[in-house]
C-alpha cells in the first residue's frame with residue numbers, strides 16, 4: 078500500500094503504523110460538493126488520515142446525507158466507480174458504509190431543517206434484499222427517500238453518530254473595535270496537535286470555561302415575511318428559533334466532544350451555508366410551484382407506526 082490510496086473500505090494500516098503529518102493545514106476548494114471526496118481518500122491513502130473512525134464536520138444548508146438509491150453497496154470498494162455515481166446530495170453516506178466516517182456533525186442555519194435537531198444514532202449497511210446501501214435512521218429525511226430498512230435486513234453494518242446542530246448568530250458580549258478586546262471568534266482556538274492538521278482535538282470539555290469568552294445571544298433579525306409552503310409561517314418560525322437557540326459555548330463543547338471520539342476530523346465548509354436560493358421558484362409560476370409541492374409532499378408516518 079505504500080504510496081497508493083486504498084479503495085473505499087480498504088483495510089486499516091497495520092498496527093503500529095505511524096500516521097503522517099502535514100507541514101501546514103491543507104485546504105482543498107472544489108465546485109461540486111462531492112468532488113472533495115477524492116481528496117479525503119487521497120489523504121487516507123497517504124496515511125495523513127486514518128482509514129476509519131473519522132469525524133466529519135459539515136457546515137452546509139443541506140445535509141448531503143442521502144444515498145445513491147440504486148447503487149450497489151459494493152461499489153464503495155471501487156473508488157473510481159464510486160466517484161462516478163455520486164452527486165452533491167449523496168456523497169457522505171458511502172464513505173460511512175465504507176467504514177471511514179463514524180461521526181458526522183451537520184451545522185446548519187435556521188432555514189435548513191431537513192433533519193430534526195439533536196443526536197441520531199443508527200446503522201448504515203447493505204440491504205440483503207436489494208444489495209444497496211440503506212439505513213435504520215427513522216427521521217423523515219431518510220423515510221421520504223425510501224432509505225429506511227430494519228436492522229435485521231442489513232449486513233456489514235456500520236454505526237453512525239449524527240449530530241444536527243443549529244448555528245445561531247452570536248456576538249461577543251464586549252466586542253467593539255474601540256475597546257481593544259479581541260472578538261470571540263478570534264479568541265476561540267482549539268488546542269490541536271501541532272504536528273498534524275488532521276489530528277483530533279485535544280481540548281477537554283472541562284477546559285472550555287478558560288478558553289471560550291462569554292457571549293450573548295444576538296436577537297434574530299426580522300427577515301421579512303416568510304411565504305410559500307416550503308417555509309415556516311412567520312409565527313412558527315419565531316417560536317422554533319426561540320426554542321432552538323443555544324449559547325455558542327455549548328455548541329463548541331458539543332462539537333469538540335464529537336471530535337474527541339474520532340481519531341481525526343475533516344472540516345467541510347459549503348458556501349451555501351451562507352447563501353442559498355430555491356431555483357424552482359424561478360422556473361415555475363407560483364401556481365405551478367404549489368401544485369408541485371402538493372404532488373411531491375411527504376406525509377410522515379405516525380410516531381408509533383410499525384415498521
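In this note's numbering, the protein residues as written are 78 to 384. In this text, a Cβ means the ideal position worked out from N, Cα and C, and glycines have one as well. Remember, predicted model here, so these are calculated numbers, not experimental data.
Counting C-beta neighbours from all protein chains within 10 Å, is the total for residue i 16 or more, i.e. buried, or is it exposed?
i           : result
residue 219 : buried
residue 170 : buried
residue 372 : exposed
residue 39  : The chain is shown from 78 up to 384; residue 39 falls before or after that span and cannot be answered.
residue 348 : exposed
residue 172 : buried
residue 182 : buried
Where do the ends of the alpha helix (DSSP H) carrying residue i lie?
i           : result
residue 331 : 325-338
residue 217 : 217-220
residue 173 : 170-174
residue 359 : 357-360
Look up residue i in the DSSP assignment and say whether it is helix, strand or coil.
i           : result
residue 113 : helix
residue 379 : coil
residue 153 : helix
residue 350 : helix
residue 373 : coil
residue 47  : Since the displayed the chain opens at 78 and closes at 384, residue 47 lies outside it and no answer follows.
residue 229 : helix
Specify, as a first and last residue, the run of the beta strand (DSSP E) that residue i falls within.
i           : result
residue 161 : No beta strand (DSSP E) contains residue 161, which is instead part of the alpha helix (DSSP H) from 156-162.
residue 125 : Here residue 125 belongs to no beta strand (DSSP E), and DSSP marks it neither H nor E.
residue 194 : Counting along the chain, residue 194 falls outside any beta strand (DSSP E), and DSSP gives it neither H nor E.
When the Cα of residue i is compared with those of the options, which residue comes out closest?
i           : options            : result
residue 141 : 346, 356, 368, 362 : 346
residue 204 : 198, 197, 212      : 212
residue 379 : 115, 330, 361, 217 : 217
residue 342 : 99, 178, 362       : 178
residue 36  : 130, 111, 355      : The structure shown does not extend to residue 36, since the chain is modelled only from 78 through 384, so no value can be given for it.
residue 242 : 344, 122, 329, 126 : 329
residue 201 : 185, 186, 175      : 175
For chain D, find out if any of its Cβ atoms is closer than 7 angstroms to the Cβ of residue i; answer yes or no.
i           : result
residue 137 : Among the chains in the structure shown there is no chain D, since it carries only a single protein chain.
### Message
So, does the segment 183-194 touch the segment 159-167, judging by three or more C-beta pairs under 8 angstroms?
### Response
Output reads no: the segment 159-167 does not touch the segment 183-194.
### Query
Any chance the segment 148-159 sits against the segment 223-230, with 3 or more Cβ pairs inside 8 angstroms?
No: the two stretches stay apart, fewer than three of their Cβ pairs being nearer than 8 angstroms.
### Message
Does the structure place the segment 320-336 close enough to the segment 104-115 that three or more beta carbon pairs sit under 8 angstroms?
### Response
Judged by Cβ distances under 8 angstroms, the segment 104-115 makes no contact with the segment 320-336, as fewer than three pairs qualify.
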